[in-house]
């Protein structure tokens, strides 16, 4: 295992730190792996001073562990994108449904957090992320008394998680392609679109005082999130979820709300209704089929819950 240690800072410095610890060449913010460790490149694009996009497109011959150590202050933030897979099998007297869905989500971490990531060998690794400095945020996006400004001004390790809607997920899917196809202004516009959507969702949260979260606790919360997404028909009690996370009930409820902005029950419900909207937009299933797939046997109950969350009836989505 080849260990790589770094702090979260501006991406042009980060790639230099990586280059010093990894057999590679570095030119014009593009790191190219040497054959002894693997193939591929890591590229950093500086869109504005303090705003960066990083593309990782490598295949390793030996395992590498990335260890981010906490910085002394939250002067930088990184936005990572995650794709989780959900599979649904539903059977009725007359029909059988097999549905596979992918979910695009975003995790923002601050410089005062720590993380360890083990990269596998002999597998293509394709990653992109967005990094921005506190100075860039304060100059371009900060608004007085906003929830987001309050959260990002705190000097503790910060994790903020949000799911993305179907439309923006499609944008990100295209964004994962090679950056050469985008002009700088196009790249800038797409980054701002993604950040704006993410920040708008965070802005809807209530003002809270963040507590420092240990990496093991974050990992446990992400496992709970995955379980909520996989078990559409069987919402579990907070007590059961807290036990699976190895936390007391009060600690679990507090940390879950801090990271995800809502309660586990709300997360489970909103996730199902977001997937329902996605399925309707894809127009591969009827309204009743979509309701059934996400656990509603009563169509009127599904329509009522859908309108309460999305502000539209399912049939209005189909007619849009």
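In the numbering used here, the protein residues as written are 500 to 819. Idealized CB from N, CA, C, for every residue including glycine.
Inset, instruction - Look up residue 502 in the DSSP assignment and give the residues it is bridged to. - result: Partner(s): 564.
Legend entry - Proximity winner among 660, 633, 548, 662, relative to residue 652 (alpha-carbon distances): With distances taken between Cα atoms, residue 652 lies closest to 633.
Inset, instruction - Leaving aside the five residues before and after residue 546 along the sequence, list all residues of the same chain whose C-beta is less than 8 Å from its C-beta, in chain order. - result: Apart from sequence neighbours up to five positions away, the residues of its chain that approach residue 546 with a beta-carbon distance below 8 Å are 552, 683, 686, 687, 690, ordered along the chain.
Legend entry - Cβ pair residue 671, residue 624 closer than 8 Å: No, Cβ-Cβ distance for residue 671 and residue 624 is not below 8 Å.
Legend entry - Distance between residue 646 and residue 798 (C-alpha atoms, nearest Å): Distance between the alpha carbons of residue 798 and residue 646: 37 Å.
Legend entry - Minimum C-alpha distance to residue 535 - residue among 694, 640, 522: Ranking the options by Cα distance to residue 535, first place goes to 522.
Inset, instruction - Would you tell me roughly how many angstroms separate the C-alpha atoms of residue 510 and residue 579, rounded to the nearest one? - result: If I take the Cα positions, the gap works out to 14 Å.
Legend entry - Identified DSSP bridge partners for residue 712: Bridge partners of residue 712: none, in fact.
Inset, instruction - With a 10 Å radius around its C-beta and 16 neighbouring C-beta atoms as the bar for buried, classify residue 599 as buried or exposed. - result: The pLDDT assigned to residue 599 is 49, lower than 50, so where the model puts this residue is not dependable, and the model offers no usable value.
Legend entry - Rounded Cβ spacing between residue 744 and residue 720 (contact assumed at less than 8 Å): So it is a contact: roughly 7 Å between Cβ atoms.
Legend entry - Pairwise C-alpha distance: residue 531 and residue 504: Rounded to whole angstroms, residue 504 and residue 531 show a C-alpha spacing of 18 Å.
Legend entry - Contact between the stretch 801–813 and the stretch 773–790 (3+ Cβ pairs under 8 Å): Contact between the stretch 801–813 and the stretch 773–790 is present: three or more C-beta pairs spanning the two stretches fall below 8 Å.
Legend entry - Cβ-based burial, residue 621 [other Cβ within 10 Å; buried from 16]: With fewer than 16 other Cβ atoms within 10 Å, it is exposed.
Legend entry - Straight-line gap, residue 783 to residue 769 (C-alpha atoms, nearest Å): Taking the straight line joining both Cα atoms gives about 21 Å.
Legend entry - residue 716 beta carbon less than 8 Å from that of residue 659: No, the pair does not count as a contact, with Cβ atoms beyond the cut-off.
Legend entry - Where residue 556 falls: helix, strand or coil (DSSP): Three-state result, residue 556: strand.
Inset, instruction - Output the distance between the C-alpha atoms of residue 648 and residue 642, rounded to the nearest integer angstrom. - result: If you take the alpha carbons of residue 648 and residue 642, they lie about 7 Å apart.
Inset, instruction - Using DSSP bridges, identify the partner residues of residue 624. - result: 557.
Legend entry - Rounded straight-line distance, which links the Cα of residue 617 to that of residue 540: One alpha carbon belongs to residue 540, the other to residue 617, and they sit about 18 Å apart.
Legend entry - Enclosing alpha helix (DSSP H) for residue 737 [first to last residue]: Note, residue 737: alpha helix (DSSP H), 737–744.
Legend entry - Whole-angstrom distance between residue 662 and residue 501, CA atom to CA atom: Straight-line Cα distance between these residues: approximately 33 Å.
Inset, instruction - Compute the distance between the beta-carbons of residue 537 and residue 564, then report whether it is under 8 Å. - result: Result no, Cβ atoms of residue 537 and residue 564 do not sit closer than 8 Å.
Legend entry - 8 Å Cβ shell around residue 519 - same chain, five flanking residues per side excluded: There are no such residues.
Legend entry - Delimiting residues of the alpha helix (DSSP H) encompassing residue 816: Annotation for residue 816: the continuous alpha helix (DSSP H) segment containing it runs 813–817.
Inset, instruction - Taking residue 887 as the reference, give the member of 788, 697, 568, 801 with the closest Cα. - result: Shown here, the chain extends from 500 to 819; a query on residue 887 therefore has no answer.
Inset, instruction - Could you check if residue 733 is buried or exposed, using at least 16 other CB atoms within 10 Å of its CB as the buried criterion? - result: The residue is exposed, with fewer than 16 neighbouring Cβ atoms inside 10 Å.
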